[in-house]
Amino acid sequence: MKLALLQYNPKFGEKEANLAKAEGLLNKTKFDLVVLPELFAAGYLFTSQKEVENLSEKISEGLTSQFFLDFCRKKKVYAAFGILEKAGKNFYNSALLIGPQGILSHYRKLHLFYEEKKWFSPGNFPLSVTKVKDARVGMMICFDWRFPEAARTLALKGADIILHPSNLVMPHCPDAMITRALENRVFCATSDRIGTEKRGGKSFTYIGQSQIVDPEGKILFRLGNKEENVAVVEINPEKARRKKINPYNDLFLDRREKFYYEPI
Ligand code: ACM
-10 MKLALLQYNP
0 KFGEKEANLA
10 KAEGLLNKTK
20 FDLVVLPELF
30 AAGYLFTSQK
40 EVENLSEKIS
50 EGLTSQFFLD
60 FCRKKKVYAA
70 FGILEKAGKN
80 FYNSALLIGP
90 QGILSHYRKL
100 HLFYEEKKWF
110 SPGNFPLSVT
120 KVKDARVGMM
130 ICFDWRFPEA
140 ARTLALKGAD
150 IILHPSNLVM
160 PHCPDAMITR
170 ALENRVFCAT
180 SDRIGTEKRG
190 GKSFTYIGQS
200 QIVDPEGKIL
210 FRLGNKEENV
220 AVVEINPEKA
230 RRKKINPYND
240 LFLDRREKFY
250 YEPI
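The sequence shown runs -10 to 253 under this note's numbering.
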């Protein structure tokens, strides 16, 4: 499978221009599955609930999902990306996985970061795994990395690849994802954005460093912190299905689950 990550600098609130820029980058490269950043079309640093509302979309009706439904059908590819979701009176920091046949998976960020708690409702869907060609993939979003249970749950549910749309502002995640890959023996594909957003007296600089790590913890590539690019690597998802690390240890069979959930 040719697995790709898009890293770029979207402009806050300029969804059409951001989609056009992403499309230009995606058209430069061949891939089977691409991961884009968290909230890659809307931008991240909101200053009011009204802004969140104005930039939000109903899943499958909005500009962003329509763009990818069309793109994936025409190009016969798969895309996982962050989207600002409106559902009734609620707003979610969500991710969609779309393929040539339509929407395949929908995830709502479980662990909200910082002021996201002001704007979004916390996710209310279970972490789930979906078949994409020969691979089984699961999605989590950015700050979910700080909760090892998210990646563990996806791996225990059978994910070969963790798709991880992100808007990283702290430095630790790229190295931490090596551990997430190693402890679960899965591929981890983190797509981050770059650039600085200055809004409402606040400023966030996003660290880039989008990367794919293999089940042995090897970084297959890591982009720079200012680079706009689509990077691709050929992977064999089956490599994530062997949890044995030596003749004595299997990372899943050796778990002592009954001792993990005793009352503390
Ligand atoms: C983050 O969860 N966007 C840091």
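Every residue, glycine too, gets a C-beta built ideally from N, C-alpha and C.
When only Cα atoms are considered, Leu242 and Val24 end up about 30 Å apart. If you draw a straight line from the Cα of Leu101 to the Cα of Pro111, it is about 6 Å long. DSSP lists Ala178 and Phe210 as the beta-bridge partner residues of Ile201. One Cα belongs to Tyr96, the other to Glu105, and the distance between them is close to 16 Å.
Note on Lys98: 16 or more other CB atoms within 10 angstroms of its CB, so buried under the neighbour-count rule. Arg169 sits in a helix when the DSSP states are folded into three classes. Residue range Lys4 to Leu15 is occupied by the alpha helix (DSSP H) that includes Glu12.
Taking the Cβ of Leu25 as the reference point, every heavy atom of the ligand ACM lies at 7 Å or farther away.
Boundaries for Lys187: no alpha helix (DSSP H) harbours it, while the beta strand (DSSP E) harbouring it runs Ile183 to Arg188, taken from the DSSP string. Just so you know, the alpha carbons of Lys4 and Ser94 end up roughly 22 Å apart. Beta-bridge analysis with DSSP links Asn79 to Ala76. Taking 8 Å as the cut-off, the Cβ atoms of Ala178 and Ile201 count as close. Cα atoms of Glu227 and Gly189: separation of roughly 47 Å, rounded to the nearest angstrom. Going by C-alpha positions, Arg135 is about 11 Å away from Pro163.
Here the region 137 to 147 makes contact with the region 166 to 175; the two share three or more CB pairs at distances below 8 Å.
The DSSP-derived three-state label of Val221 is strand. By the neighbour-count definition (other C-beta atoms within 10 Å, threshold 16), Ala170 is a buried residue. Here the region 62 to 70 lies against the region 17 to 33, with 3 or more beta-carbon pairs under 8 Å apart.
For Ser192, the shortest separation between its Cβ and any heavy atom of the ligand ACM does not lie below 7 Å. The three-state reading of DSSP puts Phe70 in strand, counting E and B together. Using a Cβ distance threshold of 8 Å, Ile183 and Asn214 count as a contacting pair.
DSSP lists Gly184 as the beta-bridge partner residues of Tyr195. Judged by DSSP in its simplified three-state form, Thr119 adopts strand.
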